[in-house]
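Residue numbers (this note's numbering): 2 to 470.
C-beta atoms are modelled at their ideal positions from N, C-alpha and C, and glycine is treated no differently.
Please read the structure below before turning to the comments.
Listed below in structure tokens is the structure:
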């Protein structure tokens, strides 16, 4: 899955008696990519690599990701050394000291995430995907370079504490990055026109605190645009080249803030390609024949008055994919508004009477979908208004020139096949014994909700609705 968002900001100021109009782009780029092994890459424009380091003004020290021990590391001749793997996982968890703090913090973010799901995913009649944690990271970084009412409005929407914003940001950043068979990385950068007068010490502090290198160059040149695009592609696994190719650092642009996330993983239990076959998916636009994947595996199932669902593991259990199918007659908005949805998806809580371990015959479509959102049309209604004021001093922490956002675009892409999926998921404690389990069938052959979440601290990475795979 890939995603990004773009915020185009307009700056109005007077210079030598002439009213000038400048554009700032704050680009919020959040990518969560799960490469899917055998799936063919989509045809996308190729952007030449450009050395962006030559535009580097401030280089920050980035936290080193932890190495995540995968099952493959402890498997020889097809046999898993479960004891050694368990010890390695325990050591990994011990090194990741802030899991409980992140769990608590993610519950603080739950109302914001819930609001964005209800606002962006809507009625389930079309493919819509986005990255909640991307919005959190970008808006938090944005708040760090704003001031006064504009800053407070962002913090209120996020529901976070300004006093602890930096600590929370750094902890979330550090504890959800790892390498190995499963790769998960965040990245952030900020790009300026060399015509913008900057408050360099404030900017240096921001760069160090928020792990955001600072680049300065001449906007309106192919070279600077190429460097910007190359940075984005390098930090999104080149999964977003179709969107990135349209992003230009034109002469009027004054600033671009980019945040990315890259994820690469696979199902713990994959789907056999030989079991994939064309079947009917009941899309709101009419029935379509699509590739449906099949597997039978012991899973945790959900059932309540609003939806039926299933948890599946991605990576080596480091992420959990949650798929929810609304009950017949239940709309997506009714599902979103239910206490059950909020509790399970965002608060990481399930009731005993709605969760069971079952042997599941699971049918899930392969899909490659994308969506875009014009957030400048949405955020003002959610209380963020100060950053849009043409004559405001919202960005006075980094420049004396009045800056204002004019457009915000968030785009996301999800791709899934027999080997892997990009989505948001759910974390549960479970014990599956050796007793015979009830055998159930669960077929996702009509619009459904998905989420991909951290299996450790409940961070919501991606959510979406698949209405037409």
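With respect to residue 289, residue 470 sits close: the two C-beta atoms are nearer than 9 Å.
When the five nearest sequence neighbours on each side are left out, the beta carbons in the same chain lying within less than 8 Å of the beta carbon of residue 117 are those of 131, 133, 136, in order along the chain.
Ranked by Cα distance from residue 294, the first of 330, 446, 354 is 446. Assignment of residue 214 by DSSP, reduced to helix, strand and coil, places it in the coil class.
Secondary structure remark: continuous beta strand (DSSP E) runs of at least 3 residues inside the region 213-283, in chain order: 215-218, 256-265. The C-alpha of residue 253 is placed about 21 Å away from the C-alpha of residue 201. Note on geometry: alpha-carbon atoms of residue 246 and residue 225 lie some 13 Å from one another. With the rule of 3 Cβ pairs closer than 8 Å, the region 50-65 counts as touching the region 202-221. Distances from the alpha-carbon of residue 221 to those of 204, 205, 194, 251 put 251 closest. In this structure, residue 141 sits near residue 166, with a CB-CB distance shorter than 9 Å. Ranking 362, 241, 413 by CA distance to the CA of residue 444 puts 362 first. When DSSP states are grouped into helix, strand and coil, residue 75 belongs to the helix group. Within the region 291-341, the complete beta strand (DSSP E) runs of at least 3 residues fall at 308-315, 320-327. Taking each of 203, 352, 466, 212 in turn and checking the Cα distance to residue 172, the smallest one comes out for 212. Taking 8 Å as the upper bound for CB-CB distance, residue 269 and residue 314 are in contact here, some 4 Å apart.
Taking the Cα positions, residue 276 is about 22 Å away from residue 325. Scanning the region 155-212 for uninterrupted beta strand (DSSP E) segments of 3 residues or longer gives 179-181, 184-194, listed from N- to C-terminal end. Rounded to whole angstroms, the separation of the alpha carbons of residue 223 and residue 50 is 12 Å. Separation of the CB atoms of residue 285 and residue 126 is rounded to 5 Å, and the pair is thereby assigned contact status at 8 Å.
Here residue 465 is bridged, per DSSP, to 130, 451. Per the coordinates, the alpha-carbon of residue 340 lies some 19 Å from the alpha-carbon of residue 105.
Closest option to residue 409, judged by alpha-carbon separation, among 101, 75, 82, 143: 143. Assignment of beta strand (DSSP E) within the region 343-371, counting only whole runs of 3 or more residues, yields 356-366 in chain order. One alpha carbon belongs to residue 230, the other to residue 82, and they sit about 43 Å apart. Beta-bridge partners of residue 442 (DSSP): 362.
Between the region 363-374 and the region 330-344 there are fewer than three inter-stretch CB-CB distances shorter than 8 Å, so the stretches are not counted as touching.
The alpha-carbon of residue 376 is positioned some 48 Å away from that of residue 79.
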